[in-house]
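Numbering (our numbering), first residue to last: 70 to 385.
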């Protein structure tokens, strides 16, 4: 669906913002694009969407080279930027009709299509409400509807949940997943809220200094960057529990933290079996166990590890 091949951007002052970047986004992916500030994310998105020509390399979307088919590309992509302007004096319906007319001069199905989109994003009951009366979450829903106005095959979402409360974030997460599933839309997301990426994406790319340092599924990244199992446990007497666990010789490291006892298992250890053995041993010593959980490496863990590692390898 989207391919970036050896994508490079060198500005007139000689600054290389993007350096030999190769990306592959398959049809139906929800693809997360991560990097610290100044990593080249914005420049990359501008090249992917045809707003900026690369110095070298090429972008292909839906089988078309972006540089040679700029007008055709705009018909198959939708973009929701981080800073998105709304016309507060318009109703949601009027706003979408206005943008529909920009894409389709015939306007033959304007009412039907706009009504459908308002229903899709959960705004059908507020279609004739002035946008100025909308909450930030409602405006994000409207922005998503506008992004879909030209029936795109790919949408680019920049910080789609920024500024929303946890409930609003969850609602937008569910909406994006539903649009991806029901309309078969490929989604490309950038976000500083790494929870967005963890909850939504099946594949992630991480860039640093304009170079790709990792691209894979979240599951593969978790297995690659945390090959050892970690268990957290809270007991009535953590110091005593730590001594008991250490004597069992099942763990590579046992440490007391603010959250309880952190147990790093030996490589290839069977964590479920070890959890049972630990529980049995602690019960025999008459210790109460309040909580025992298997720690799961998060996208944030992986991101921080990679962007702070001065020896990271570049993905070719």
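C-beta atoms are modelled at their ideal positions from N, C-alpha and C, and glycine is treated no differently.
- Under the DSSP assignment, residue 301 falls in the beta strand (DSSP E) whose first and last residues are 299 to 304.
- With fewer than 16 other beta carbons inside 10 angstroms of its own, residue 252 counts as exposed.
- Here residue 366 has 291, 294 and 295 as same chain residues with Cβ atoms under 7 angstroms from its own Cβ, once five neighbours each way along the sequence are excluded.
- The shortest C-alpha to C-alpha distance from residue 229 to any of 222, 187, 376 and 238 is the one to 238.
- Minimum Cα-Cα distance from residue 375 among the listed residues 334, 273 and 364 corresponds to 273.
- Looking from the CA of residue 74, the closest CA among 134, 80 and 108 belongs to 134.
- Residue 179: not part of any beta strand (DSSP E); member of the alpha helix (DSSP H) spanning 179 to 189, first to last residue.
- Residue pairing for residue 133: DSSP places it in a beta bridge opposite 130.
- Along the length of the segment 138 to 176, whole beta strand (DSSP E) runs at least 3 residues long occupy 146 to 149, reported in chain order.
- Annotation for residue 290: the continuous alpha helix (DSSP H) segment containing it runs 287 to 294.
- Under DSSP, residue 376 forms no beta bridge with any residue.
- Beta-carbon to beta-carbon, residue 146 and residue 184 are separated by about 23 angstroms, too far to satisfy the 8 angstroms threshold.
- Taking 4 residues as the shortest admissible run, the segment 76 to 107 contains no complete alpha helix (DSSP H) segment at all.
- Under the DSSP assignment, residue 362 falls in the beta strand (DSSP E) whose first and last residues are 358 to 364.
- Taking a 10 Å sphere around the C-beta of residue 84, we find fewer than 16 other C-beta atoms and assign the residue as exposed.
- Put simply, the backbone Cα of residue 150 is about 39 angstroms away from that of residue 362.
- For the pair of segments examined, the segment 191 to 202 was found not to touch the segment 215 to 230: the number of CB pairs separated by less than 8 angstroms stays below three.
- Around the beta carbon of residue 210, 16 or more other beta carbons lie within 10 angstroms, which makes this residue buried.
- Residue pairing of residue 322 in beta bridges, as defined by DSSP: 333.
- The alpha-carbon separation between residue 373 and residue 264 amounts to approximately 13 angstroms.
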